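Please read the structure below before turning to the comments.
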Amino acid sequence: MGYALGMRVVEHHRSEHDAWVVVDGKVYDITLFLDEHPGGRAVLIEHAGKDVTAIMRDHAVHVHSKFAYRLLEDYQIATLADGEKRVVDAGDAKKDDERSAALSQRELDALVDWRRPLLPQIGRMGDKYDAWVHSFPTTDHTVKMFQNDVLEFLTKCPWYLPLLFWIPIALLILAQYFSSVALDLPRFVATTAAGIIFWLLFEYSLHRWAFHAKSTSYWGNIVHFLIHGHHHITPMDDNRVVFPPVPALLFASPIWVGALRLFGYADGYAFLLGFLIGYLNYDMTHYWIHQRVPRSDYVRWHKTRHVYHHYHEPGCNYGISHPLFDYVFGTYVPIAAPGKTGLS
3 MGYALGMRVV
13 EHHRSEHDAW
23 VVVDGKVYDI
33 TLFLDEHPGG
43 RAVLIEHAGK
53 DVTAIMRDHA
63 VHVHSKFAYR
73 LLEDYQIATL
83 ADGEKRVVDA
93 GDAKKDDERS
103 AALSQRELDA
113 LVDWRRPLLP
123 QIGRMGDKYD
133 AWVHSFPTTD
143 HTVKMFQNDV
153 LEFLTKCPWY
163 LPLLFWIPIA
173 LLILAQYFSS
183 VALDLPRFVA
193 TTAAGIIFWL
203 LFEYSLHRWA
213 FHAKSTSYWG
223 NIVHFLIHGH
233 HHITPMDDNR
243 VVFPPVPALL
253 FASPIWVGAL
263 RLFGYADGYA
273 FLLGFLIGYL
283 NYDMTHYWIH
293 QRVPRSDYVR
303 WHKTRHVYHH
313 YHEPGCNYGI
323 SHPLFDYVFG
333 TYVPIAAPGK
343 TGLS
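By the numbering used here, the letter at position 100 of the sequence shown is numbered 102, and the numbering carries on one by one without gaps.
Right, dumping it as structure tokens:
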């Protein structure tokens with residue numbers, strides 16, 4: 003089942019880099035369509051974050067063709083929560099269902115007092131944590147994880163920091179490598195490619211079986227929230243999209259040691275180079291699809307896949323840099339990148 007979002011979430015997405023609208027109780031991410039709209043991007047940005055059903059239906063404003071509505075479906079990411087559909091189609095909804103849906107959301111919201119330290123409250127949620135972390139409990143996609151400002155600062159990582167940290171390390175290793183190893187170019191390229199593919203498997207496995215593991219225990223909830231849960235309630239926080247170097251080192255250390263012991267110095271470092279290339283590609287892709295408007299069809303395709311994972315169904319499309327292992331393990335849901343044909 004896909005996400006049912008409240009208008010408080012939709013209303014936050016109202017910029018040229020992140021534009022959502024509601025039509026007939028469905029939520030659409032039209033960010034990638036702004037430049038293709040025949041009427042220009044300004045009119046869409048003006049109404050971003052709003053329910054535009056009445057405007058779409060108003061022939062005095064503009065007559066939208068059936069093709070326009072069909073094309074709009076390419077951009078759907080979720081539905082509007084039943085309790086909020088009264089704005090659009092109250093006559094078609096049962097009041098009892100609306101009350102129960104609204105009460106459920108209120109119960110989840112009541113689990114956290116944002117004025118108090120957050121992590122202990124998350125730990126005490128027990129089996130309600132998974133529902134809460136996927137209910138978009140913040141109104142502006144930001145969250146303060148620690149009351150201590152120093153600890154809070156350490157949870158944030160600008161997008162360029164992994165590049166500044168890892169690229170010099172890679173260059174130093176390569177300089178030492180080429181000065182001490184006789185280069186066998188075909189073997190070096192093949193082993194590096196194997197490292198890239200292994201990264202894709204590592205990324206997929208970590209995302210699916212660790213980051214999306216369901217927790218009900220006190221410390222399990224806290225650990226999950228720190229490593230990934232916070233990202234699902236703050237996906238547009240540009241300081242919490244890439245992986246900080248220190249935890250990245252902790253995850254990478256066993257891979258580093260294992261590759262050198264298993265493959266030896268020459269093949270081991272070539273393999274690790276591919277692994278590092280895969281990781282940096284992952285981090286930059288993840289940042290770009292969350293914080294920028296992709297121009298190429300290839301990156302647009304990545305964005306639509308990942309948006310579906312975040313806002314419609316978290317149990318699919320785990321691969322971020324590439325869905326290779328989504329194909330392998332049967333978790334790929336094909337989401338066509340929205341086309342460049344304009345609504346008319």
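A virtual CB, placed ideally from N, CA and C, is assigned to each residue, including glycine.
Every value quoted in this text rests on a predicted model; they were computed, and no experiment measured them.
Q78: member of the beta strand (DSSP E) spanning Q78 to L82, first to last residue. Counting only the Cα atoms, T306 lies some 12 Å from H288. By the neighbour-count criterion, in which 16 or more other beta carbons inside 10 Å mark a residue as buried, P256 falls on the exposed side. Counting C-beta atoms within 10 angstroms of its own C-beta, P336 has fewer than 16 neighbours from the protein chains shown and is therefore classed as exposed. The stretch 285-301 makes no contact with the stretch 38-54: fewer than 3 CB pairs, one atom from each, lie closer than 8 Å. Look at A21 here: in three-state DSSP terms it is strand. Around the beta carbon of G266, fewer than 16 other beta carbons sit within 10 angstroms, so the residue counts as exposed.
Looking at the DSSP output, V29 sits in a beta bridge with V24 and A80.
Counting only the Cα atoms, D111 lies some 33 Å from V45. In this structure, G276 is the residue among D239, G276, Y310 and L7 with its C-alpha nearest to the C-alpha of F200. Beta-bridge annotation (DSSP): R16 is paired with A21.
Scanning F204, Y271, F35 and Y206 for the CA closest to the CA of V191 turns up Y271.
V24 and Q293 have their C-alpha atoms some 21 Å from each other. In the structure shown, K52 falls within a strand segment according to DSSP collapsed to helix, strand and coil.
The residue among Y313, L36, S181 and N283 with its C-alpha nearest the C-alpha of H233 is Y313. In the structure shown, A184 adopts coil according to DSSP, grouped into three states.
Rounded to whole angstroms, the gap between the alpha carbons of H214 and T157 is 20 Å.
The beta-carbon separation of T236 and T144, rounded to 6 Å, stays under the 8 Å limit for a contact.
With distances taken between CA atoms, V225 lies nearest to M147 out of M147, L274, H19 and P139.
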